Amino acid sequence: MSKIESILTESRVFNASEQLKKRVALTESDIAQLYAKAGKDHVGFWSDLAREKLAWSKPFTIGLDDSNAPHFKWFSDGKLNASYNCIDRHLETKSDKLAIIFEADDGKVVRYTYKELHDQVCRFANTLVAQGIQKGDRVVIYMPMIPQAVIAMQACARIGAIHSVVFGGFSAESLRDRIDDTGAKLVITANAGRRGGKIIPLKKAVDDALEKGGDHVRKVIVFRRTNDDVAMKAGRDIDWYEAEAGMSNYHDPVMVDSEHPLFLLYTSGSTGKPKGVQHSTGGYLLNAHVTNEWMFDLSEQDVFWCTADVGWITGHTYVTYGPLSVGATILMFEGVPTYPDAGRFWQICQDHGVTIFYTAPTAIRALMKFGSELPSQYDLSKLRILGTVGEPINPEAWIWYYHEIGGGRCPIIDTWWQTETGAHMLAPFPVTPLKPGSCAKALPGIDAAIVNESGQALEANEGGLLVIKKPWPSMIRTVWGDDARYQKTYFPMMDTIKDGASCYVVGDSAYQDEDGYFWILGRVDDVLNVSGHRLGTMEIESALVSHPKVAEAAVVGRPDEIKGEAISAFVVLNVDIPTEDSEQASLVQELRTWVAKEIGAIAKPDDIRFGTNLPKTRSGKIMRRLLKTLARGEEIVQDTSTLEDPSVLEQFK
Ligand code: PRX
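Position one of the sequence shown corresponds to residue 294 (the working numbering), numbered consecutively onward.
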């Protein structure tokens, strides 16, 4: 409730200036036409865009095949290649145009023109083929944020191999789960990465992951990012450059069916292991392309910097695929926002003339703490559009971003979407009147609504479930290897309401105000949003329970000023609870390190409390609401009479 109230007090509206309206490609009337067209003919709208925006080697005749709902196929008899669309089709007119500007952690800059990117991607595509990789094979990419990550992804797309990028911050265990689930034949990694002046080893995690799993992995290609030594396993591991030696700069892209999986990307759910979200080629690329044009007004003149790592969906759609498909220049940065100081982002924007900047609220809040002095030292006048993604942005951070970074001239595009949706779903266009904290409206061709659990539409300002009622091209196709989970998670109303098999249930609660603007309230399931990254409470609980001293664990989120949500863990030990403060502190440290090893540093609990039992009902259900109250440090006002043992609450306080 507190969240609902604090957001409701936000009533400011920011209108686009006349100057901005003149500058952007899409006017209000163009946008109205897009909505009108989509409203009249949903499939025709997307089909016309697919013909206009993408290059097809075989044109499609079928727009949407919905004969097997909730499995939808878009443009299914057409053929295309994603890498061709991102690179080759620009070569005739802009082979010398910059595709990638890369700034390394140490400040060194490397640039790639479209022609150079083409040659690199082709060489690496040929390398993959030479290593026995074919269309449909899975390739896991575990890389730092360097151009070779994009080259590897594009090369996979070029030969029709299905990539699965695993964020470099995930541990060997997490990496192993993902490698095993994909059945990958090949892993691409680097010996190490550089972040904030430190060397972060990566290859070691691949070795550890493959020691106990991944029998299907035949080769590991290792890019030497640093001069540090790296252990290479004979017969399995190959140096990137040695593997590439003698490979041609030309590779004929493999044309695939529109529905051919372009990639798998793992994301957390409330139960079970992370889900391998499967995306298609044609449908995915279409939304990636048009949302870059619509929301960011992206054109060939822009330098677009999306700060997301390629290990997340944002790094797929707004780094690797969308902006290149549009033919823009992307900026990639290897390091962290606070090294060598907290002005790094603004220095990069200045030095490379960044025009569009897209980041997460957590980064904005963190940098805001350093004050407005730092950004004011840099020339940010080239910026024209700012974006945010990952979690609701609090109005205070919005206003700071708007004035201190955007100089009051740049619209803030608050984009709501998910790994599963592939691209933006709710967001303003640059000329849309903006309300700080709201992600405005559903895009043309996206049929979003707020409903109750029986699927009935709710009134304005009533909080409920956010759903998307019609299929859209870039939607998830299935959960890799677990289609039942796909149906159950995303289409829970399949058997209960009319058209339930096409009603995608997002997992967020939200409401629409009287102007139709959407306000996201949070997750409805046990999924945490830590620094804009999704973590399942169950994953963290399983990691804790796998520690020899832990009998039971429950994890909840609590609001955190910078990270959005912090992780609070409640732990029951199978040894005595240490009585000394120092012993307790060292056990907390041990468990935090354990979780980092099991999942990755992002999943480390911020606080851990011990008790002799978890608060459970007599039927054995953990009362998470009570734990949330405890985590927030609030007084318990809920009814605790159904608890098996109310005294445990005192211990956890
Ligand atoms: O809860 C929503 C939140 O992030 C979730 C999706 O997480 P993930 O798949 O990791 O993708 C993050 C990047 C697209 C959503 O279910 N979320 C994402 N963007 C926003 C948001 N919440 C509020 N406002 C947003 N702009």
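Even for Gly, the Cβ is constructed at its ideal location relative to N, Cα and C. Fair warning: this is a prediction, and the values are worked out from it, not measured in the lab.
Assuming the contact rule is C-beta atoms closer than 8 Å, residue 588 and residue 417 should be a hit. Round their C-beta distance to whole Å, please.
In fact, because the Cβ distance is near 30 Å, the residues do not count as touching under 8 Å.
Is the number of C-beta pairs between the segment 892-903 and the segment 847-866 that are closer than 8 Å three or more?
yes
So which of 357, 305, 321 has the shortest CA-CA distance to residue 795?
357
Give every residue of the same chain whose Cβ lies closer than 6 Å to the Cβ of residue 446, excluding the five residues on either side of it in the sequence, and list them in chain order.
Cβ-Cβ distances below 6 Å link residue 446 to 456, 613 in the same chain, with the five nearest sequence neighbours on each side left out; the list follows chain order.
Determine the DSSP secondary structure at residue 809, reduced to helix, strand or coil.
coil
Could you say if the segment 711-730 and the segment 759-774 meet the contact criterion of at least three C-beta pairs nearer than 8 Å?
Verdict: yes, contact present.
Can you tell me the Cβ-Cβ gap for residue 443 and residue 603, rounded? I've got them flagged as a contact below 8 Å.
Your pair residue 443 and residue 603 checks out as a contact, with CB atoms roughly 7 Å apart and the cut at 8 Å.
Going by Cα to Cα distance, which pick from 666, 573, 684 is closest to residue 374?
573
Going by C-alpha distance, which of 725, 926, 811, 598 is nearest residue 621?
598
How should residue 329 be labelled, buried or exposed, when 16 other C-beta atoms within 10 angstroms of its C-beta is the threshold for buried?
With fewer than 16 Cβ atoms within 10 Å of its Cβ, residue 329 is classed as exposed.
State the Cα-Cα distance for the pair residue 785 and residue 793, rounded to the nearest angstrom.
8 Å
Helix, strand or coil for residue 571, going by three-state DSSP, please let me know.
strand
With C-beta atoms as the reference, is residue 799 less than 8 Å away from residue 759?
yes
Mind checking whether residue 465 and residue 498 have CB atoms under 8 Å apart?
yes
When you compare only the Cα positions, how much space is there between residue 878 and residue 887?
14 Å
In or out: residue 312 buried (at least 16 other Cβ within 10 Å) or exposed?
exposed
Would you call the CB atoms of residue 376 and residue 616 closer than 8 Å?
no
Closer than 6 Å by C-beta to residue 299: which residues in its own chain qualify, once you throw out the five before and the five after it? Chain order, please.
Reliability fails at residue 299, whose pLDDT of 40 lies under 50, so the model's placement of it is uncertain and the value that follows must be treated cautiously. There are no such residues.
So residue 560 is in the beta strand (DSSP E); what residue range does that whole segment cover?
554-560
Among 492, 868, 919, 532, whose alpha-carbon lies nearest the alpha-carbon of residue 905?
868
CA-CA distance, residue 842 and residue 883?
10 Å
Among 707, 946, 808, 662, which residue has its Cα nearest to the Cα of residue 697?
662
Is any heavy atom of the ligand PRX found at a distance shorter than 7 Å from the C-beta of residue 818?
no
Does the beta carbon of residue 877 fall short of 7 Å from some heavy atom of the ligand PRX?
no
Residue 774 to residue 564, Cα distance in whole Å?
Taking the Cα positions, residue 774 is about 16 Å away from residue 564.
Is DSSP giving residue 860 helix, strand or coil here?
Residue 860 falls in the strand class under three-state DSSP.
Helix, strand or coil for residue 336? Go by DSSP, reduced to three states.
Three-state DSSP puts residue 336 in a helix.
Using beta-carbon positions only, say whether residue 830 and residue 817 come within less than 8 Å of one another.
no
Under the rule that 16 or more other beta-carbon atoms within 10 Å means buried, what is residue 429, buried or exposed?
exposed
May I have the straight-line CA-CA distance separating residue 611 from residue 680, to the nearest angstrom?
Rounded to the nearest angstrom, the gap between the Cα atoms of residue 611 and residue 680 is 11 Å.
Would the beta-carbon of residue 825 be found less than 7 Å away from any heavy atom of the ligand PRX?
Checking the Cβ of residue 825 against the ligand PRX gives yes.
Determine the burial state of residue 779: buried for a count of at least 16 other Cβ atoms within 10 Å of its Cβ, exposed for fewer.
buried
Along the alpha helix (DSSP H) that carries residue 845, what are the first and last residues, could you check?
Careful: residue 845 lies outside any alpha helix (DSSP H), inside the beta strand (DSSP E) at 843-853.
Going by Cα to Cα distance, which pick from 525, 404, 709 is closest to residue 652?
709
To which residues does DSSP link residue 456 through a beta bridge?
Looking at the DSSP assignment, residue 456 forms a beta bridge with 432, 556.
Given the structure, does residue 782 come close to the ligand PRX, in the sense that its CB is under 7 Å from one of the ligand's heavy atoms?
no
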